Amino acid sequence: GSTSFMRMRLAELRQTDPEARLRHQWVPYERISIHLKRAVVAAEDDRFLDHAGFDWEGIERALERNAERGRISAGGSTISQQLAKNLFLSPSRSWLRKGQEAVITLMIETTWSKRRILEVYLNVAEWGNGVFGAEAAARRYYGRPAASLGPAEAARLAVMLPNPRYYERNYGGRVAAHAARVQRRMIHSQVP
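Per the numbering used here, residue -3 is the first one in the sequence shown, and the count goes up by one each step.
Shown next, in the form of structure tokens:
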């Protein structure tokens, strides 16, 4: 299966290459490295197990940054919110889309366990141009399955998530330093 986000990316890729395909292979939760699970939680949503879909402190910080900049540039989104967007919505940034995302997030949090939320997120997240899911990312960047990723590799993948197509091409010193910080925080990350 594919998500709304995957279908949109595939349509974009096919504008330049009609034969383009997505790299994606679903793997069960148990076949994803504990290091990648911890790295993603450390990088994207360090209070994942403690909230019901919304990190109100993170949202408050994002609203303050957006007010300072006069535009929506920071989202403060949790893993559950990102999953709602990836599964059903577009990447557009508007208050209407954020409202739709909130409703879907509540439905996801009400019906799925945190383990299921993280499993689906790790299997549908974009990790590069046409690269979706932990398995495709591990094979694309490291030539091996997601189950065998070590801590440093996992941290490097996790820091790509906010803008994977950019970081795929521009993995420089700032990104490497961020990956090192994420790797240090991973030992404190709790995952289901």
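Every residue, glycine too, gets a C-beta built ideally from N, C-alpha and C.
This one's a predicted model, so the numbers in the text were calculated from it and none came from an experiment.
Backbone secondary structure at residue i - three-state DSSP
i: His20; result: strand
i: Glu122; result: strand
i: Val171; result: helix
i: Val187; result: coil
Residue i classed as buried or exposed, judged by whether at least 16 other C-beta atoms fall within 10 angstroms
i: Ser88; result: exposed
i: Trp123; result: buried
i: Asn166; result: exposed
i: Ser109; result: exposed
i: Pro160; result: buried
i: Gln11; result: exposed
i: Gln115; result: It is worth fixing the name first, because residue 115 is Glu in this sequence and not Gln. Glu115 is buried by the Cβ-count criterion.
i: Glu97; result: buried
Expected contact under 8 Å - CB spacing of residue i and residue j to nearest Å
i: Glu149; j: Tyr138; result: 6 Å
i: Trp63; j: Ala154; result: In the sequence under discussion, the amino acid at residue 63 is Ala, which differs from the Trp named in the question. Rounded, the Cβ-Cβ distance is 28 Å, inconsistent with contact.
i: Pro188; j: Leu45; result: 7 Å
Test item: CB-CB of residue i and residue j under 9 Å
i: Asn82; j: Val23; result: no
i: His20; j: Leu145; result: no
i: Gly126; j: Leu18; result: yes
i: Ile104; j: Gly49; result: yes
i: Arg5; j: Phe128; result: yes
Item to check | Entirely enclosed alpha helix (DSSP H) segments - the region 27 to 109, minimum 4 residues | outcome: You should have 30 to 40, 52 to 65, 75 to 84 and 91 to 107.
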